[in-house]
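Everything below concerns the one structure shown next.
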Amino acid sequence: MKRLTVTLTAIGAALAVVAIGPDRIAQAQPAKGAVAAFERVLEVMNGRFKGTKLVGDPDKDFATLVVAHHEDLIFLARTQLEHGGDRQLRQLAQKILDEQQKQIAELKEWQVRSRQADYRAQPDQPPHGSGPLDQRAQAAPASQAQAAAPTEPAAQPAAPNLPMVSGTVEKVDAGGGKVTIDHGAIPNLNMDAMTMVFRAQDPAILQGVKEGDKIQFQADRVNGQISVVRIETGRAQAALTRPAAQPAAATNLPTVSGTVEKVDSAQGKVTIDHGPIPNLNMDAMTMVFRAQDPAVLKGVKAGDKVQFQADRVNGQISVVSIRKGR
């Protein structure tokens, strides 16, 4: 009797496979370890780009980031193929796997070719700065004025409307005119905090700069290359923060009354409870402003009644001048 029961159970299972199909039976089973596997995918994807360092060459940086992105997609697709049960999603995962592997192979082939000595001698190789945004930037009067700026190291004035950024020098390549900086956000370049190799607009500005220096610098896109256009260390940096460095009041900007609520000198920010700002079409409110030049915050503290001017600088609403009120 026991043997008969076991036989009938086996027959029933076989009939279920025939009637429902093996795929449906497989889908009904719990995917062991799936949650842990996808949590691992999320962890890898979240951490991937934190350790990626850019070299300042748009082509090489593009290839590096795309390879990293595609490798994450491949990891995700393989996890779906190992644990997922839906046929349509498994087909999509397989398609992702095939396409991304092909593109990675093409990019890695390019990376090898780009390191060859004659790579830049190719007749069809366009120069950096040939993209539409680079062309537009080069055509802008501000960029033209910057390119024509004096290159004497002792006469490097602050570039107009470029924020000063804090950073730590990790490497100086004076011969190659390059400097590696671990820096904060660069608003005018829409760049987050990272470690990056910059070209020096004028290699002479690297004189006296050494590894480990805490610096203030300005960076911009020059002839298609992200470049350091000004750099200050030590005493020169201290000179920047003197009250005398505050720029003259901008013409045609209204002066607004307010009360300082917080000063963040390190980040070049100030929080002001202020009245209406007509040129920005802004009502009275409390707002955090960037300082166009951090030097204008020298001597300003929480509780001060101030008169200030604000404008939109490189897409950021910024305080361009500030003085204590009476």
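For the sequence shown, position 313 matches number 335 in the numbering used here, and the numbering has no gaps at all. For every residue, glycine included, the Cβ atom is placed at its ideal position computed from N, Cα and C.
- Message: Between which two residues does the beta strand (DSSP E) holding isoleucine 12 run?
- Response: Given that the chain is displayed from residue 23 to residue 348, the structure contains no residue 12 and the question cannot be resolved.
**Item:** Of the residues Pro276, Lys232 and Asn274, the one placed nearest threonine 255, counting alpha carbons only
**Value:** Lys232
> In three-state DSSP terms, what is alanine 207?
Replying inline: coil
Quiz prompt | Three-way DSSP call (helix, strand, coil) for leucine 98 in this model | solution = helix
- prompt: What's the C-alpha gap between valine 66 and threonine 101?
  reply: 12 Å
Contacting residues, own chain, Cβ-Cβ under 6 Å from valine 57 (five flanking each side not counted): Closer than 6 Å at Cβ, skipping near neighbours: no residue.
Cβ-based neighbour list, lysine 323, same chain, cut-off 8 Å, excluding 5 preceding and 5 following: Val282 and Val285
Q.
Rounded to whole angstroms, what is the Cα-Cα separation between leucine 184 and glutamine 314?
A. So the two alpha carbons sit approximately 8 Å from each other.
With DSSP as the reference, label serine 287 as helix, strand or coil. coil
- Assuming arginine 312 contacts glutamine 329 under a Cβ cut-off of 8 Å, what Cβ separation, rounded to an integer in Å, is found between them? At roughly 18 Å, the Cβ-Cβ gap does not stay under 8 Å, so arginine 312 and glutamine 329 are not in contact.
- By a C-beta neighbour count over all protein chains shown, 10 Å radius and 16 as the cutoff for buried, is glycine 290 buried or exposed? So glycine 290 ends up on the buried side.
task: Work out the CA separation of valine 191 and phenylalanine 97 for me, nearest whole Å.
output: 35 Å
Have a look at the DSSP bridge pairing and note the partners of valine 201. Valine 201 has Val194 and Phe220 as its beta-bridge partners, per DSSP.
Subject >> Collapsed DSSP secondary structure at alanine 332 in the structure displayed >> reply: Strand, per DSSP.
Would threonine 293 and threonine 277 qualify as a contact pair, given that the criterion is a beta-carbon distance under 8 Å? Cβ atoms of threonine 293 and threonine 277: not closer than 8 Å.
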